[in-house]
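Before any comments, here is the structure.
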Amino acid sequence: MFESNDTFVEEAVKVIETAQDKTKKTGAAVATFCLLVGTVGYSRGILTLIMAILLIIMGIFTIILYSNKNIEYEYDYTNGSLEIAKIINNEKRKKVVTIESSEIKMVAAVGTNESLKFDHVQLKTYDCSAHDEEVKDYILVAHSEAKGNDFKVIFNPSDKLLTAMEKYNKRDIYR
Numbered sequence: 005m006f007e008s009n010d011t012f013v014e015e016a017v018k019v020i021e022t023a024q025d026k027t028k029k030t031g032a033a034v035a036t037f038c039l040l041v042g043t044v045g046y047s048r049g050i051l052t053l054i055m056a057i058l059l060i061i062m063g064i065f066t067i068i069l070y071s072n073k074n075i076e077y078e079y080d081y082t083n084g085s086l087e088i089a090k091i092i093n094n095e096k097r098k099k100v101v102t103i104e105s106s107e108i109k110m111v112a113a114v115g116t117n118e119s120l121k122f123d124h125v126q127l128k129t130y131d132c133s134a135h136d137e138e139v140k141d142y143i144l145v146a147h148s149e150a151k152g153n154d155f156k157v158i159f160n161p162s163d164k165l166l167t168a169m170e171k172y173n174k175r176d177i178y179r
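Quick note on numbering: the sequence shown equals residues 5 to 179 in this note's numbering.
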């Protein structure tokens with residue numbers, strides 16, 4: 005019988021829409037409606053052309069905001085390599101970041117002593133969390149040789165994923 009020592013964990017986290025996202029959508033819709041009313045009812049001459057262009061731009065922006073409402077992050081961990089992808093409306097998949105186990109400096113729950121060390125450090129941040137208050141957020145700090153700098157990732161790993169990561173980075177994972 006063939007026995008494999010490969011480690012593979014795959015999980016998806018659905019992003020919950022925040023109040024800030026809802027406010028942006030509502031504001032864009034109201035602004036588009038106001039531009040429509042203003043363009044049709046009150047503009048004259050060159051002002052009509054300017055308001056029509058603004059209306060088209062604002063309409064496209066509003067459509068984009070409303071079409072990106074179903075977002076998930078997929079965490080794939082394979083033999084020490086973590087790949088995080090963003091899935092929009094179950095159609096479009098975009099790779100956010102790939103992290104090798106040798107690049108990881110620390111993984112800790114947000115609010116713990118280990119994570120507080122990086123609270124005020126200015127690092128490029130990838131927010132790949134669910135924005136759900138019931139799920140514990142973790143911060144992963146890593147160093148990219150290709151980019152030549154440190155970065156951090158905020159995400160929501162399961163216990164299974166953390167256990168798999170401990171196999172390759174025992175001293176760098178804090179629960």
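Note that the Cβ used here is the ideal one computed from N, Cα and C, for glycine as well. Every value quoted in this text rests on a predicted model; they were computed, and no experiment measured them.
For D141, I'd like the list of residues in its chain whose CB is within less than 8 Å of its CB, leaving aside the five on either flank, ordered along the chain.
Position 137 of the sequence shown, counting from 1, holds the residue named residue 141. Result list for D141: A113, V114, S133, I158, F159 and N160, in chain order.
Look at H147 and T22 and say whether their C-beta atoms are less than 8 Å apart.
Here residue 147 is taken as the residue at index 143 of the sequence shown, counted from 1. Here residue 22 is taken as the residue at index 18 of the sequence shown, counted from 1. No; because the gap between Cβ atoms is not below 8 Å, this pair is not in contact.
Of the choices E95, D80 and Y172, whose alpha-carbon is the least far from that of F12?
Locating residue 12 in the sequence shown gives position 8, counting from the first residue. It is D80.
Could you tell me the alpha carbon to alpha carbon distance between Y46 and A35, rounded to whole angstroms?
Against the sequence shown, residue 46 aligns to sequence position 42. Against the sequence shown, residue 35 aligns to sequence position 31. Roughly 15 Å between the two C-alpha positions.
So, helix, strand or coil for Y70, using DSSP?
Numbered from 1 along the sequence shown, position 66 holds the residue referred to as residue 70. In the structure shown, Y70 sits in a helix (DSSP, three-state: H, G or I).
Please confirm if the region 39-56 is in contact with the region 99-108, defined as three or more CB-CB distances below 8 Å between the two stretches.
Because the criterion of three Cβ pairs below 8 Å is not met, the region 39-56 and the region 99-108 do not touch.
When the Cα atoms are used, what is the spatial distance from K26 to E118?
For the purposes of this step, residue 26 is identified with residue 22 of the sequence shown, where counting begins at 1. For the purposes of this step, residue 118 is identified with residue 114 of the sequence shown, where counting begins at 1. One C-alpha to the other measures close to 33 Å.
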